[in-house]
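Peer 1:
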Amino acid sequence: MTQGTSEFKTVGIVGGGTAGYLTALALRKKLPHLQVTLIESPTIPIIGVGEGTTPIMVKFLHAYLERDVQELYRKVQPTWKFGVKFEWGQPGDYYFNYAFHPGPILDSVYYGGNFNEYSLGSMLISEERAPILTGEGGQLTSLIDRIPFAYHLDNNRFVAYLREEAARDGVERLELSVNTFVPAEDGESLDHIITDDGEERRFDLYVDCTGFHSKMIGEALGSPFQSYEDSLFCDRAIVANVPHGGHIKPFTTAETMDAGWCWNTPSIEDDHRGYVFSSRFLSDDAAAAEMRSKNPGMGDHRVIRFKTGRREHFWKGNVVAIGNSYGFVEPLESTGLHMIILEINQLVLNFPRSKKDTAIRGIVNRTLNAHWDDVRWFLAVHYRFNEKLQTPFWKACQNTVDIRGAQERVELFRERAPLTYRQSQFFKTEEVFGDFAYDVLLLGQRVPGRYLEASQSRVEWQKRVDGLRQLTGNALTQERAFEALNGAPPEILGSLVASPNTWVVWP
Ligand SMILES: Cc1cc2nc3c(=O)[nH]c(=O)nc-3n(C[C@H](O)[C@H](O)[C@H](O)COP(=O)(O)OP(=O)(O)OC[C@H]3O[C@@H](n4cnc5c(N)ncnc54)[C@H](O)[C@@H]3O)c2cc1C
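So in our numbering, spot 314 of the sequence shown is number 306, and the numbers just go up one at a time.
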């Protein structure tokens, strides 16, 4: 059966957050025979957070969806994120970088150097610089096609941009609330939905992008919720903006707090901060006070409540759930948008042609559920080994956070570290939560292990570090880099996709 004769012609997406719009754009791009309708409620707001990403977002926007680089920078004004600076692990001013640019992670530790000098990306984080270099004559050299990064995306601007792109790509948009989701008689699929204009609407496939409401997969089809609360104790976030005085840090910060941690995702205008905490250990007011005391000039705040975990099904009957409706964990590694992209990719790759295509659902459910569980275990490792503070919350984490699914990998690390220096690559399952990520987290938090040899001689290592220091010495701050790019030939920014060596390729 070809696409032209597919029994699936119409897709109804309910939800107009990032999950809904990214799904709509991907379906129109990759399966243009589909008629895609997106229904979003004018009265139920989107979550309005979700701004730190991983490099997969850059690849997805420019290589998969083929969105124009210049236009995106003009309309969305993203900032660059070369990784996460963790104020984490050890007491005092200690920090470690999880850069998206990997490198020989053990060598600096082995030779008694600075752990964070493992790659140019990591050194850019430490020095708060971007990979736009100036030479003696003031000429610019860009390394943006070589050093992987992610975007910080202002949520309002990003969703507005996606909405415009969807209209341009032929997505039908209905501004209506769905009042009723009517299951089929067997309860295993959806028969139809009724919008608040009284219309009954039917689609061949429904995509649940209703966020935490999980109206279709959760409420209508009853897919059970599997909680991650034994590993991840936090259930609230206080979010607010804080002035940054014009300096745009090229990374996300994760700062240890009394009963959780605080993110900083810098935007062009100000820093967007959020204190993720556990309501078992701290009240909303006390959390707001702690955050305010550490962030002079903090604006009005709001409190967001959440539950961490996932549904048992990504795909049940004729309903697929993408985004918060399917799974959610706190944004410690910016996994929300990352997982949305993996979910969309699975939907597109395995899009059904015939109503008899049912076996695929189980396999895709298993694959994505395993990805979500991997994220759970990876985040749990952050909590279990963070010894920066000894508050009641952190003591509970150090003693009781469930890291079952990561235990074997941690033991392997203890026996012979780092994992990336082994040739076996047992766990190289996922780009950002794979062996390198574990090495950063475990070495960064100084979890003891028996170390392998360095991957290069002391002389080679020193030469490499000196070279990287010289490059960062010539690198501009992010705000200066953006200013310089504004007046520079468009090819410099364009090299992100046009360069033959670029890292921005799909998959
Ligand atoms: C505190 C916090 C911080 C986060 N930070 C990050 C981060 O830094 N990085 C990251 O990747 N992710 C982050 N996330 C996750 C991220 O926000 C989400 O994954 C992402 O925004 C997707 O949300 P969504 O589209 O699934 O849901 P929402 O944005 O909640 O959208 C739901 C949509 O469904 C519609 N809707 C609901 N019910 C109905 C109905 N009955 N009829 C019609 N329409 C309906 C609403 O109108 C809305 O349009 C964070 C989440 C939280 C809670």
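Where a beta carbon is used, it is the ideal one built from N, C-alpha and C, also for glycine.
Note that the structure is a prediction, hence the values are computed from the model and not measured.
Quick check on DSSP: helix, strand or coil for Tyr443?
Peer 2: Correct three-state label for Tyr443: strand.
Peer 1: Taking only runs that begin and end inside the region 53 to 101, name each unbroken beta strand (DSSP E) of 3 or more residues, in chain order.
Peer 2: Here the runs fully enclosed are 71 to 73, 75 to 79 and 88 to 91.
Peer 1: By Cβ distance, which residues of its chain are closer than 6 Å to Val76, with the 5 residues on each side in sequence left out?
Peer 2: Closer than 6 Å at Cβ, skipping near neighbours: Tyr90, Thr244 and Ala246.
Peer 1: To the nearest angstrom, report how far apart Arg353 and Lys51 are at their CA atoms.
Peer 2: Looking at the two C-alpha atoms, the distance is approximately 26 Å.
Peer 1: Does at least one heavy atom of ligand 1 sit under 8 Å from the Cβ of Cys389?
Peer 2: Incorrect: Cys389 has no Cβ contact closer than 8 Å to ligand 1.
Peer 1: Could you tell me if Glu403 is buried or exposed, where buried requires 16 or more neighbouring beta carbons within 10 angstroms of its beta carbon?
Peer 2: Exposed, because fewer than 16 other Cβ atoms sit within 10 Å of the Cβ of Glu403.
Peer 1: If we ignore side chains and look at the alpha-carbon of each, how far apart do Ser491 and Asp137 end up?
Peer 2: Approximately 7 Å, taken between the alpha carbons.
Peer 1: Report back the beta-carbon spacing between Arg165 and Ala176 to the nearest angstrom; my notes put them in contact at under 8 Å.
Peer 2: No, Arg165 and Ala176 are not in contact; Cβ-Cβ is about 26 Å, not under 8 Å.
Peer 1: Roughly how many angstroms lie between the CA atoms of Trp369 and Asp189, to the nearest whole one?
Peer 2: If you take the alpha carbons of Trp369 and Asp189, they lie about 44 Å apart.
Peer 1: For Lys207, which residues from the same chain have a beta carbon less than 8 Å from its beta carbon, with the 5 sequence-adjacent residues on both sides left out?
Peer 2: Closer than 8 Å at Cβ, skipping near neighbours: Val6, Val170, Phe173, Asp200 and Ser317.
Peer 1: How is the alpha helix (DSSP H) around Trp453 delimited, first residue to last?
Peer 2: Counting along the chain, the alpha helix (DSSP H) containing Trp453 begins and ends at Arg450 to Gly465.
Peer 1: DSSP three-state label for Ile290, please.
Peer 2: A small correction: the amino acid at residue 290 is Met; Ile does not occupy that position in the sequence shown. Three-state result, Met290: coil.
Peer 1: Examine ligand 1 and report whether any of its heavy atoms sits within less than 8 Å of the Cβ of Ser506.
Peer 2: Because the chain in this structure spans residues -7 to 499, residue 506 falls outside the shown range and cannot be described.
Peer 1: When every heavy atom of ligand 3 is checked, does at least one fall within less than 8 Å of the C-beta of His205?
Peer 2: Ligand 3 is not part of this structure, which contains only ligand 1.
Peer 1: Could you give the distance in angstroms between the alpha-carbon of Glu221 and the alpha-carbon of His374?
Peer 2: In a straight line, the C-alpha of Glu221 is about 14 Å away from that of His374.
Peer 1: Which two residues bound the contiguous beta strand (DSSP E) that contains Gln218?
Peer 2: Where Gln218 is concerned, the enclosing beta strand (DSSP E) stretches over Phe217 to Ser219.
Peer 1: Can you give the beta carbon distance from Leu339 to Val311, rounded, assuming they're within the 8 Å contact cut?
Peer 2: With a Cβ gap of about 11 Å, Leu339 and Val311 do not count as contacting.
Peer 1: Does DSSP put Val151 in a helix, a strand or coil?
Peer 2: Three-state DSSP puts Val151 in a helix.
Peer 1: Leu125 and Phe74 - do their beta-carbons sit closer together than 9 Å?
Peer 2: Against a cut-off of 9 Å, the Cβ pair of Leu125 and Phe74 comes out as no contact.
Peer 1: Taking 9 Å as the threshold (C-beta atoms), are Asp431 and Ala398 in contact?
Peer 2: Going by C-beta atoms, Ala398 is not nearer than 9 Å to Asp431.
Peer 1: Grouping DSSP H, G and I as helix and E and B as strand, with all else coil, what is Lys51?
Peer 2: Looking at Lys51 - three-state DSSP - the assignment turns out to be helix.
Peer 1: Among residues of its own chain, excluding the 5 on either side of Met(-7), which ones have a beta-carbon nearer than 7 Å to its beta-carbon?
Peer 2: Low confidence applies to Met(-7): its pLDDT is 47, below 50, so where it sits in the model is not reliable, and the reading given next is rough at best. Result list for Met(-7): Arg345 and Ser346, in chain order.
Peer 1: Please report the distance separating the alpha-carbon of Phe269 from that of Leu154.
Peer 2: Cα to Cα, the separation comes out at about 31 Å.
Peer 1: Using a threshold of 8 Å, is the CB atom of Ala16 nearer than that to any non-hydrogen atom of ligand 1?
Peer 2: Every heavy atom of ligand 1 is 8 Å or more from the Cβ of Ala16, so no.
Peer 1: Do Val356 and His54 come within 9 Å of each other at the CB atom, strictly closer than that value?
Peer 2: Taking 9 Å as the Cβ cut-off, His54 and Val356 do not qualify as a contacting pair.
Peer 1: Cβ of Trp255 versus every heavy atom of ligand 1: is any distance shorter than 8 Å?
Peer 2: Trp255 Cβ: within cutoff of ligand 1.
Peer 1: Is Thr202 near ligand 1 - that is, is its Cβ less than 8 Å away from at least one heavy atom of it?
Peer 2: Yes.
Peer 1: Consult DSSP for Ala212 and reduce its assignment to one of helix, strand or coil.
Peer 2: The answer is helix: DSSP assigns Ala212 an H, G or I state.
Peer 1: Closest to Gly289 by CA distance: which of Asp263, Gly105 and Val295 is it?
Peer 2: The candidate whose alpha carbon is nearest that of Gly289 is Asp263.
Peer 1: If you measure from the CB of Thr327, is any heavy atom of ligand 1 nearer than 8 Å?
Peer 2: Yes, the beta carbon of Thr327 sits closer than 8 Å to at least one heavy atom of ligand 1.
Peer 1: Among Gly328, Glu483 and Asn391, which has the Cα closest to the Cα of Thr45?
Peer 2: For Thr45, the nearest C-alpha among the options comes from Gly328.
Peer 1: Please list the terminal residues of the continuous alpha helix (DSSP H) segment that includes Ser114.
Peer 2: Unbroken alpha helix (DSSP H) run through Ser114: Leu112 to Glu119.
Peer 1: Should Leu341 go down as buried or exposed, given a rule of 16 or more other Cβ atoms within 10 Å for buried?
Peer 2: So Leu341 ends up on the exposed side.
Peer 1: From Tyr143, Leu360, Pro216 and Gly315, pick the residue whose C-alpha is nearest to that of Phe204; which is it?
Peer 2: The shortest C-alpha separation from Phe204 is found at Gly315.
Peer 1: Tell me whether Trp255 sits in a helix, a strand or coil according to DSSP, three-state version.
Peer 2: Correct three-state label for Trp255: strand.
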